[in-house]
Every structure is written in C-alpha cells, then in structure tokens.
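These protein sequence lines are chains H and Y, in that order. At position 165 of the first sequence (counting the first as 1) the number is 525 in the numbering used here, and the numbers step up by one without a gap. At position 88 of the second sequence (counting the first as 1) the number is 95 in the numbering used here, and the numbers step up by one without a gap.
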Amino acid sequence: MAEKKVSILVVDDEESVRDSLYNWFIDDGYDVECAENAKDALIMLEARDFDIILADIKMPGMDGMEMHRRIKTLNKEPIFIIMTAFASVDTAVQALKDGAYDYVTKPFDPDDLSHLIRNAASHVTLKAENISLKDRITTLEDVDDLVGESEGMKHVLREVESVAQSNSSVIITGESGTGKELIARAIHSNSSRKYFPLITVHCGALTESLLESELFGHEKGAFTGATFNRKGRFEMADGGTIFLDEIGTISSKMQIELLRVLETRTFVRVGGNKEITSDFRVICATNRDLKNMVKNGTFREDLYYRLNVVNIRIPPLRERVEDIPLLVNHFIRKYCKSMSRDLISVEPAALKHLQEFEYPGNVRELENLIERAIVIGNGKEIKLKDLPMGREVMSSSIESLDDLEKKHIALILNKYNWNISRASKALNVDRATLYNKIKKYDLEKRTR
Amino acid sequence: MNKKSIILVSCGHFEKNVIDKISTDLLFFFGFPLDVRECSLDLSSFYNPTRRQYDANLILKAVSEHSSPDAIKTLGLMRVDIYIPILTYIFGQSMLNGSTGIVSLYRLRNELYGLEQDDNLLIERFRKVIVHEMGHAFGLIHCLNPTCIMRSSTYVEDLDQKEMEFCYNCKTELDEKINGYQT
C-alpha cells in the first residue's frame, strides 16, 4: 500500500509567499494546497483534512489566530504553525498558548523551514502510527480468532461480552483444544484492564514448589538457585488479569495459598517477609470436572466457589460442526498469510471429510490438520490425500484385509523395535504365529 | 540524436571549462545537448535594496523568456545572491516539471562561511545544484537517500555530503520521465 503523503495548507494573502512555499513543499513531495485568506481556508477545511497548516498571522479580514480558534471548533486537529513578518514575543506566546505547534518569522532560513516541516511531518506520522497501533490493539479485542456462527459459540461470545466489564472471577471449562486461552484473552482485551498485562500461568506444567515461586516470586537466597529477587506472576499482573490454566492440577497446599491470595489480594514472596498487594482479576481454565473433584475431596470447595463466580463452557468441536467450514477458511487465511502463500481452496470431498471427523483434539487438531495440509499440499487446493484421515479413506478402498494385517503387524513390530515377545503380546498372538506372519508377509526389520 | 536541447542562459561570466563540465553533466544525466546563450538581462531590475538580494521568482520569469521551441528546459546561471520572499536565500530554483530553472554560485563560496577559498569545491557544488534543479524540472522530488543528488540541501555542507549521482530509485524515475519527453 502506498504511504499517504503528509498534506499541508498554506494560508497567506501574499501570492509570492504562497507560490514560494507551494513550490518548496511540492519539491519535498508533500501534498500542498494554498488559500489566500482565512475564510477560504476554513471552507477548504470543511471539505478535507490537512495534516499541517501554515498560516500568516496578519491577513485582511480574519487573522491567523482567529482562524486557529475557528479550526478547533471544527473538531479538526491539524498541526498549526503561525507565520509573521514581525517578530513579537507577545503574539508568539499567545499563539503557543492557543495550541499552535510553532511560530516562525518571515523570511525563514531554508534550513529552519526544512527542520520545522520535517519535525511537524514526523509528528503527524507518529500520530497516525499511534492511532493505527491502537486500532490493532482494538482488533485483538474484536476476538478475531474466535471463529464460529453456531449457537454454542454465539452463546460463549455473549458471555464473554457480559462478563468482560466486571471484575468477577471466571472459570472457563472445555475439552483440550477448544480455545480456553483465547476466551481468557478475549475477556481481558474487552475489560477495563486491557492496557495492563494479561499474565498466563500453565499450572499443570510446574511442580508445586516451582508454581509457588512462579506465582508469588522469591527473594534472593530463598532456595538453591534463587540468585536474585524475582517478581511473581501475581505481582506482574498488577492492574491486569492473571490466567491460571489447568487449575484442576494444583496441589492441596497451593489451593490453600491461592484461596488466601484471592481473599486478601496480598502475598509474600518465597523467602521474603514483606507483604505485597496486587490488584488483579483471576480467570481460570480446566478440562477437568471441578465439581466432581470437590465431591471427591480433591479440590477445595471454598476455592471452587471463590473462582466459579462465572462459568463459561466452550463446546467441543463435535457439538458445533457447522463452524468447521468457517474455521477451515480462517486457518487457511492464517497459515497462507504466515507462509506468504496465495490463498488456497478446499476440494469438496476434503471439506466433507473434515466435517465428518470426530476431532478428539478439537479446534487445535483441526488447525494442525489445515496447517499440515497447506505445507504438504500442491499450493492451490487442499485435497483429500493431504489429510491424514483422507489418506486412510483412500487407501482402505484399495487394500485387502491381508494388506491391512501386514501393515498393522509391521507397525507394531517397529513400535517394539522388533522385540518379538513384546510385539506378540501387543498383537495378542503367540510368538510362533507372529513368526509365521512375518514370513508370510515377507516383513523385514528396517535399519536406519 | 535529440533535436531538442537544454538552453543555458549565463548571466555573468563563467569560464569555458566550467561550462564544458556542466554541458557534459547535463548530456550524461539527461541525454540532451547544451545550447549556451549569452544573457541580455539587466539583473539590476530584480534587485531588492531592502534585502540586498535578487528576486529569484522575477529572474525565473525573465529567463523563461530566453527559451525557444527547441528547448527542452532552460536554465539560468547567476553569480548574484538570490532569494524568494519567504526564504532568506536559495541556491537555486526551478518548478517541478517546469520548463525553467535558475542556479546561483553566490552562496556556494567557501569564503561566505569564513572558510578558505576553494575553486574546485565551488564548481563541484555548482554542478550538483544544477543537476539537482534540472532533476526537479524533469519532475523529481526531494529524495531521502543521503547521498542522492536529489537530497534536499539547505547548507553547502549538505551539498558536499551528497554524490554527483542519482540513487537507483531517482535514476529509474528520471529515465522514465526522459523517455516521456523523447517519445
């Protein structure tokens, strides 16, 4: 996309000034227009925006200062630079007080003019970049990655919207691969805490002592290897949100610690004695049945109720098969873009099989299938043969039962590194039978 | 061979070897031969006693009157201090895609900045400003490449820093523009 030129409006009653500045700015590649008085300039400003306005302070009729005041009432915010033939500290101060960007005395030193406009132009560019970056943050808020038109997903999105603005704790439940972290991110991005961090902790991946240090931080010398002070995740999440993934895996001791932190919002670093306060919101996720764990006594009831103020259940993919074509297109766009490839399509037979598959790994599994198909495919269309389940479908139509048996025996033998005892046990046949089958199918140990 | 030429109007005396170098430059970069004409202008009519400088806009208009139908561009060479009303001084002036330009030697002299006289450097600067202004006349805008001849220069040091050549992008654009003139 071509970069937008910085636009400049020159307002001066002297034709020679207008022409000179026009030529000067045109040579520099700016988009320039001129007006010979403030009235004409205001009419032009109603029709279009300018990034920079360079206006003479003394003009017949409305002067530059008054024109600046009127521009502000139009809700426009161009960079306003006042020019004058007579230097006057009072007018300069007044112009700057009124919000002018700068004040220059005619005639300008060419170098001063160059610097002034270059600085103003970079201010304009920075402002535009700032807006664009903020828009990009907003785009994240728009939950672009949460794809789906099914009732189940619409319900989830409605819940995200209603819960985002509150400070309540949320538990997100759903099978592995359904997108629990995406939902947590969406809640955070749509909350008033969005400009503060979202800190994620995968509780299941850490041992009890590591998790304690990770959550609360530690002081230097608290344990072997604690060579410096370290902030914990609760401290880092101050002002923002902490997302505790796989909350169902934490130990009883950590459950007590967590409950205490949630009640008081204060904690002490491991090995420390100073109480630290942090303002955070808690979002948890689990693929376990916490209610059942409470019944079994493996999860504290008081912690469960403290966390489970709002429960959002994400349906597994098999309950929202109508979303599969949308998700397929979403992942195609995502991976074609990241691999710098042209967008590709899906042949109907492949899409049909994608819709019929069970997906024990849910959306994550579908995503992986699409990524893999794009990598191994022909670059134009995802075909049935590019999908693992597609290959099974295709091969089953041409292979006999013997072929299948041969393939399975070879698979098991390779799995157990041709240990006949273990392979025969796995296949539930005796060793002699397995030897006979190996001979029959002419199987050989593969060497690498 | 091109029938059209770049007309050079010299207002003031310039050594033959200087004119020859300029002629070589313009033929090399723009592909048009030089047609040198003596200037009949009385520069005193463009003198502004308040500023003690010469009005470049008025000179530009007068130089354009020296043009002729076989001129692709017309360039005036001066030795006087030129200005435009809004700026304290200029090295040269030409309209973007315009037919006329002027360049002055006056502000390019080392002595003006308290430095030792250097005639070779002076001519090198002069040639750079001429090629730069002709670049504008052929439709090129200022370039951000620090060594490109189309980089904006408001001090002589800026002129010394840039090379006597167009960067790849400006050269490509210039070739397209020149082709437009030749077809």
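Note that beta-carbon positions come from the ideal geometry of N, C-alpha and C, so glycine has one too. Every value quoted in this text rests on a predicted model; they were computed, and no experiment measured them.
Annotation: the region 656 to 744 of chain H contains the following complete segments of the alpha helix (DSSP H) (minimum length 4 residues), in chain order: 661 to 667, 684 to 698, 708 to 716 and 722 to 736. The beta-bridge partner set that DSSP reports for D416/H consists of M443/H.
Annotation: Cβ neighbours of S380/H in chain Y (cutoff 8 Å, chain order): N64, I91, P92, I93 and L94.
With its beta carbon less than 8 Å from one in chain Y, P470/H belongs to the interface. In this chain, the alpha helix (DSSP H) harbouring V449/H covers V449 to K457. Proximity of T57/Y to chain H, defined by a Cβ-Cβ separation below 8 Å, is not satisfied. Shown in chain order are the members of the region 372 to 401 of chain H whose Cβ falls below 8 Å from a Cβ of chain Y: E374, S376, V377, D379, S380, L381, N383, W384, I386, D387, D388 and G389. Distances from the alpha-carbon of T57/Y to those of D32/Y, P92/Y and T154/Y put P92/Y closest.
Of all residues in the region 465 to 494 of chain H, the ones placed with a Cβ closer than 8 Å to any Cβ belonging to chain Y are K466, P467, F468, D469, P470, D471, L473 and S474, in chain order.
Taken atom to atom, the span from the alpha-carbon of R478/H to that of T485/H is near 10 Å. Counted as a single uninterrupted DSSP element, the beta strand (DSSP E) harbouring L15/Y occupies residues S12 to S17. One Cα belongs to L794/H, the other to K800/H, and the distance between them is close to 10 Å. Collapsing the DSSP output to three states places C46/Y in coil. For V371/H, the beta-bridge partners assigned by DSSP are A395/H and A415/H. Rounded to whole angstroms, the separation of the alpha carbons of H548/H and S526/H is 10 Å.
For the region 133 to 153 of chain Y, the residues whose beta carbon sits under 8 Å from a beta carbon of chain H are, in order, H143, I148 and H149. With a 10 Å radius around the Cβ and a threshold of 16 neighbouring Cβ atoms, S760/H comes out exposed. At a cut-off of 8 Å between beta-carbon atoms, S159/Y makes contact with chain H. The beta carbons of I532/H and L667/H sit about 11 Å from each other, so the pair does not count as a contact at 8 Å. One finds P470 and D471 in chain H with Cβ atoms closer than 9 Å to the Cβ of Y162/Y, taken in chain order.
For the C-beta of L103/Y, the chain H residues within less than 9 Å are, from N- to C-terminus, N383, I386 and D387. Between A69/Y and P467/H, the alpha-carbon positions lie close to 23 Å from each other. In this structure, the beta-carbon distance from A460/H to H428/H falls below 8 Å.
DSSP places R648/H in the coil class of the three-state scheme, outside both helix and strand.
As the crow flies, the alpha-carbon of Q615/H is around 12 Å from that of G657/H.
DSSP places D77/Y outside any beta strand (DSSP E), giving it a letter other than H or E. Looking at the DSSP output, K591/H bridges to G577/H. Sorting I798/H, A455/H and I780/H by C-alpha distance to the C-alpha of D416/H places A455/H at the top. By the C-beta criterion, the region 388 to 406 of chain H is judged not to be in contact with the region 87 to 101 of chain Y, since fewer than 3 inter-stretch pairs fall below 8 Å. Three or more pairs of CB atoms, one per stretch, sit closer than 8 Å, so the region 643 to 659 of chain H contacts the region 593 to 610 of chain H. Against chain H, a Cβ distance below 8 Å from I97/Y picks out P470. Ranked by how close their Cα comes to the Cα of I185/Y, the residues D125/Y, L34/Y and R158/Y have L34/Y in first place.
Contact check for D639/H and R648/H: beta-carbon distance about 29 Å, past the 8 Å limit, so the pair fails to qualify. If you ignore the 5 residues before and after E635/H, its C-beta comes within less than 8 Å of the C-beta of T626, F627 and V628, all in its own chain and listed in chain order.
By a beta-carbon distance limit of 8 Å, L575/H does not contact F556/H. Their separation comes to about 18 Å.
Restricting attention to K797/H, S552/H and E725/H, the CA atom closest to the CA of F691/H is found in E725/H.
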